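Keeping their order, the protein sequence lines are chains A and B.
Just so you know, we're using my numbering here: the first sequence kicks off at 599 and counts up by one.
Just so you know, we're using my numbering here: the second sequence kicks off at 8 and counts up by one.
The beta carbon of each residue, even a glycine, is placed where N, CA and C say it ideally should be.
Everything numeric in this text was worked out from a predicted model, so none of it was measured.
Report on the following structure.
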Amino acid sequence: MNQEYCTVSQINQWIKLMFDNSAYLKKIYLKGEISNFKHHTSGHLYFTLKDDESRISAIMFRSAASSLGFVPEDGMNVLVTGRVSVYPAGGNYQIYVDKMEQDGLGNLYIEFEKLKKKLALEGLFDPAHKKVIPKYPTKIGIVTASTGAAIKDILSTIERRYPICETILFPSLVQGASASKDVAEKIKIAQNYDLDLLIVGRGGGSIEDLWAFNEEIVARAIFESKVPVISAVGHEVDVTIADFVADKRAPTPTGAAEMAVPTIDEVKKTFHTIELKLASFLEIKLKEASLELKKLEESYVLSHPMIIYENQIQKLDGLEENLHQALKQYLVQRKMMLDHIESSYVLQNPQTLYEQKEKDVKNYQVLLLKNINRIFSLKYHDFQLMVQTLKLVNPLNILEKGYSVVKKDGHIIKDSHVLKVKDELNIDFSKGSISVEVKEIIK
Amino acid sequence: MKEITFENALKDLELIVKDLESGNIPLEEAITKYTDAMNLLKLCQEKLDHATKQVNKILGEDGKLEDFKLTDGEE
């Protein structure tokens, strides 16, 4: 009778077998939302996948979970692959997850491409804007999380290579919703610290973890930074918008530190090279100079100083010759001029000068006489005219016409009223005079 | 006089080397430059030799710089 009953273990084993034999359940693709997520200390992940109506338990072993590109959390939509089997001890079936990725990544990709295109068009990636990374920085700023691999890698690399460099960490959130804003703000703050260089980045993670570095606000903060920026986000394969804008992209935080500083040994080697160069240069220069000197010493002039003197003598002779020649010529010329003057006609015949003057005097005499006669006859004519006129106005002429002149005490009387009866008057005629007495004044 | 920084000294050094290499420098000037360069080189080397490790700083929440030490442990 007992044989008709099987044990719980048996039935669960049997059911498990049935599940495991199902080709379909061996590999299924499932999508759903995570809930009841639990990260066990053993490293295994326990959670539930659900949609609006149903749920299924899920387990992801540590080995599979270690390759996860993100940190799962409740509410996340995921795509998983795995097998569905039974956990005999609990009597429940569950999905054993091999791979899990976030649903909706396609959207992120589109967003990324869109922003990249926009910023490229605006010229934010233009090589012309790239600043030169200084060779020997003295002060480096770092914008990243204050914990984690990134800061550790950067600081230890700088310490190892170039410990004389000062570093300032501007601690920032590097994942989550407010990370982009925080990173951008820290880049802006870092501008005030007199830095030679700024490293902006974080360690590896899923594409969502790195997403802050794909945000426009971070891109613009990097672009506006006056300090040269090296970006260092995630691993070699992760390329973010920040990498395009940065003046230089490093594959990893360690790589960024290596780009940022030289090693002390490199610098010392540089010194050595410079020293050698300088020494050899000076040697060459001195050799050149001494050669030049030797050449000068051996020059014909310096070895035969007489030739300087000889030349001068010759020159002097030449000058003297010229002087004589010039003087001679001058004298000849003057002599010729003198001869010319001496031989002139006037000097040869001085009497002609006298004759000429005499002729002039005669001419002047004739002219003078002619002019005086002319003036005399003009003046005589004027005189005749005057005599004629005087004749016309002579009072004697008027008396001759029969008029008489009456005078009293020598004064000519023109008005009868000045006279009184018995006044004695004289009357002058053309010929002779009489004396009369006034008998009556007729009014 | 302002203390010459390591980086500036190196820059000056490189300039002098370039100058000298370009030639056409009178000998006396070349010697002066050489002396300058050797002085700069000595200065830089001294700086390197006596360089002490810089303390790493962190910008605190109050906006002041504090010494920063990496905490060992998980990321």
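Approximately 24 Å separates the beta-carbon atoms of P686 (chain A) and F635 (chain A); this is outside 8 Å, ruling out the contact. The C-alpha of D26 (chain B) lies about 42 Å from the C-alpha of A782 (chain A). Residue environment: M698 (chain A) is assigned as buried (16 or more neighbouring CB atoms within 10 Å of its CB, all protein chains considered).
Here the region 1014-1027 of chain A lies against the region 982-1002 of chain A, with 3 or more beta-carbon pairs under 8 Å apart.
When secondary structure is reduced to three states using DSSP, Y694 (chain A) falls in the strand class.
The beta carbon of C604 (chain A) does not come within 8 Å of any beta carbon belonging to chain B, so the residue lies off that interface.
DSSP places G739 (chain A) within a strand segment (E or B) once states are collapsed to three. About 5 Å separates the CB atoms of F723 (chain A) and F842 (chain A); that is less than 8 Å, so the two are in contact. In the three-state reduction of the DSSP assignment, K977 (chain A) falls in the helix class, which pools H, G and I. Proximity of chain A to K60 (chain B) at the Cβ level (cut-off 8 Å) is accounted for by E757, P761, I762, in chain order. Across the region 887-898 of chain A, CB contacts with chain B closer than 8 Å involve A887, in sequence order along the chain. Going by DSSP, Y943 (chain A) is part of the alpha helix (DSSP H) stretching over 943-946.
Put simply, the CB of T12 (chain B) is near chain A, with a gap under 8 Å to one of its CB atoms. Neighbours of Y734 (chain A) in chain B, taken as residues at a C-beta separation under 8 Å, are given in chain order as F13, E14, L17. One Cα belongs to Q61 (chain B), the other to L20 (chain B), and the distance between them is close to 24 Å. Setting aside the 5 residues that flank it on each side, E998 (chain A) is surrounded in the same chain by S1028, each with a C-beta closer than 6 Å to its C-beta; the list follows chain order. Annotated as distal: A844 (chain A) and V816 (chain A), with beta-carbon spacing of 8 Å or more. Under the 8 Å criterion on CB atoms, L20 (chain B) is classed as interfacial with respect to chain A. Counting along the chain, K54 (chain B) sits inside the alpha helix (DSSP H) bounded by residues 34-56. Cβ-Cβ separation between I787 (chain A) and V798 (chain A): approximately 12 Å, too far for a contact (criterion under 8 Å). Under DSSP, K716 (chain A) takes part in no beta bridge, so it has no partner.
With contacts defined as CB atoms closer than 8 Å, V837 (chain A) and L795 (chain A) fail to qualify as a contacting pair.
Residue state for N610 (chain A) is assigned as helix, using DSSP reduced to three classes. A distance below 8 Å separates the beta carbons of T646 (chain A) and A656 (chain A).
Scanning the region 759-846 of chain A from its first residue to its last, the whole beta strand (DSSP E) runs of 3-plus residues come out as 764-769, 795-800, 827-831.
E28 (chain B) and E881 (chain A) have their alpha carbons spaced roughly 13 Å apart. DSSP links I626 (chain A) through a beta bridge to A:G680. When secondary structure is reduced to three states using DSSP, V669 (chain A) falls in the coil class, being assigned neither helix nor strand.
Flagged as an interface residue toward chain B: E873 (chain A), by a C-beta distance shorter than 8 Å. Residue pairing by DSSP places E1022 (chain A) opposite A:E1035 in a beta bridge. Within the model, the alpha-carbon separation for Q910 (chain A) versus A887 (chain A) is close to 31 Å.
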